[in-house]
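In the UniProt record's numbering, the protein residues as written are 1 to 447. Virtual Cβ for every residue (Gly too), placed ideally from N, Cα, C. Scroll down for the structure; my scribbles are underneath it.
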């Protein structure tokens, strides 16, 4: 066996796996059970074992290689798949969706290389069996890399950020059918089939069919979710306007009462002067107590100087107190704040609405909600909401499931997406009858 053929045999398994497994781990690098560098090392060790096994079966000649190559490839393909599902902490539909798309890409590269070798270099491949096939795979992979990497980095990455279990339950099936279609030729023993145009078309349909249909489905779902988010923003904006209107009416009434109080102040001062001149301390005290009880109440509550946030917090504070829920808020909101008012309206409105609803379902007498908003340094905003919650909450992957629908609630998903948009995160937890939400947002000045 010539040196170049030996090198091509050893290289063959590495080109089978690493170009398609490592991008998948990179997409989920924040959800790996071990460090990415150890994942790379593990992949290299597994590819080396595959390479050694492939070299061994090729020692028996072409007949032995032809007999065992397909079985060996699919055995290691199964091992790589199981390893990927074990090392990445995410849901089965998301993992299967990305696996099938990358599998379609790999079959596309393999298929084109098979076609080129069988169609144009059949005699040369009889002398150097894997040289043309390996070189063709490298060239085709490098040509398709920019397009597929862009597709995975933008479209697929945006889709993976959507935590909608109902959507993912069906979405992963889309690339499944095109992948099964493309595997029709995988068990054929007719080498001339690889040189047919039908074989080549099947590989193109496999890859572009899976990517295009997935792209369309994701765009439709994203537009649908964007519409739902706009409806939510409109709902909370209306509540904001209602709260601001009530505040304005309260302020107007308060101003009128203060005008009347100032007008009557001279008469009250005259009465006080009369009590002092008579040295009637008892009468003076009774008069002052009566006067204090008739003063207009200071009903205006200012939580922060941001009108949108203040109006929204005032609205839910009134809702809570109307249901005898103690409401406490300490807000240090930056002025100006890089977070868009619409995003803060949806985020804060969802969280406060959930807190009020949870307290309403609580039958205990001591019910409360505590809100804390503060700026961390100059680049982060922290939102903390604690509320009593005696009823147990079911979590899935750290996300509370909705009591109204299967999977996480739409509002919870909106909060998570807004946090991700600001390179932040959301944490939910329930402990000792208290439900806690922590939201961390990056305050990027240029958005």
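For residue 37, the three-state DSSP class (helix, strand or coil)
helix
Can you grab the Cα-Cα spacing for the pair residue 112 / residue 25, in whole Å?
25 Å
Suppose you measure from the CA of residue 470 to the CA of residue 19; what does that come to, to the nearest Å?
Beyond the ends of the chain as shown, which are 1 and 447, falls residue 470; an answer cannot be given.
What span of residues does the alpha helix (DSSP H) with residue 97 cover, start to end?
92-120
Straight-line CA distance for residue 306 to residue 14?
58 Å
Quick one: Cα of residue 105 to Cα of residue 388, how far?
50 Å
Would the region 422-434 count as touching the region 378-388 if we require 3 or more Cβ pairs under 8 Å?
With contact defined as three or more Cβ pairs closer than 8 Å, the region 422-434 and the region 378-388 are in contact.
Go through its chain and collect everything with a Cβ distance to residue 310's Cβ below 6 Å, but skip five positions before and after it.
Within the same chain, residue 310 has close Cβ partners 303 and 304.
In angstroms, rounded to a whole number, what distance separates the CA positions of residue 168 and residue 176?
13 Å
Whole angstroms are fine: how far does the CA of residue 129 sit from the CA of residue 7?
11 Å
7 Å Cβ shell around residue 283 - same chain, five flanking residues per side excluded:
275
Please tell me whether residue 85 and residue 95 are closer than 9 Å, where the distance is taken between their beta carbons.
yes
Rounded to a whole number of angstroms, what is the C-alpha to C-alpha distance between residue 192 and residue 203?
Confidence is the limiting factor: at residue 192 the pLDDT is only 48, short of 50, which leaves the residue's position unreliable and the question unanswerable from this model.
What residue does the alpha helix (DSSP H) around residue 354 start on, and which one ends it?
Where residue 354 is concerned, the enclosing alpha helix (DSSP H) stretches over 341-361.
Contacts around residue 360, its chain only, beta-carbon distance under 7 Å, and the 5 residues preceding and following it disregarded:
Excluding residues within five positions, the ones whose Cβ falls inside 7 Å are 323.
Taking residue 332 as the reference, which of 377, 326 and 319 has the closest Cα?
377
Give me the Cα-Cα distance between residue 70 and residue 352, rounded to the nearest whole angstrom.
The straight-line gap from Cα to Cα measures roughly 58 Å.
Cβ-Cβ distance between residue 362 and residue 89 below 9 Å
no
Going by CA-CA distance only, name the one from 67, 135, 44 and 273 that's closest to residue 116.
If we check each option's Cα against that of residue 116, 135 comes out closest.
Ordered list of beta strand (DSSP E) runs contained in the region 2-67, each at least 3 residues:
With a minimum length of 3 residues, no continuous beta strand (DSSP E) run stays inside the region 2-67.
On a Cα-Cα basis, can you pick out the residue from 437, 432 and 390 that is closest to residue 364?
390
Under 8 Å Cβ to Cβ from residue 210, same chain only, skipping five residues before and after it: list those, please.
If the five residues before and after residue 210 are omitted, its C-beta is found closer than 8 Å to the C-beta atoms of 100, 101, 104, 174, 175, 178 and 179, all from its own chain and listed in chain order.
Does residue 110 pass the burial test, meaning 16 or more other C-beta atoms within 10 Å, or should it be called exposed?
buried
Reducing DSSP to helix, strand and coil, say where residue 439 ends up.
strand
Residue 386 (DSSP reduced to helix, strand or coil)
strand
Identify, in the order they occur along the chain, each residue of the same chain with its Cβ nearer than 6 Å to the Cβ of residue 137, setting aside the five sequence neighbours on each side.
Excluding residues within five positions, the ones whose Cβ falls inside 6 Å are 15, 109 and 113.
Would you tell me roughly how many angstroms separate the C-alpha atoms of residue 214 and residue 369, rounded to the nearest one?
43 Å
Buried or exposed: which applies to residue 400, given that a residue is buried once 16 or more other Cβ atoms fall within 10 Å of its Cβ?
Taking all protein chains in view, the Cβ of residue 400 is crowded by 16 or more other Cβ atoms within 10 Å, so the residue is classified as buried.
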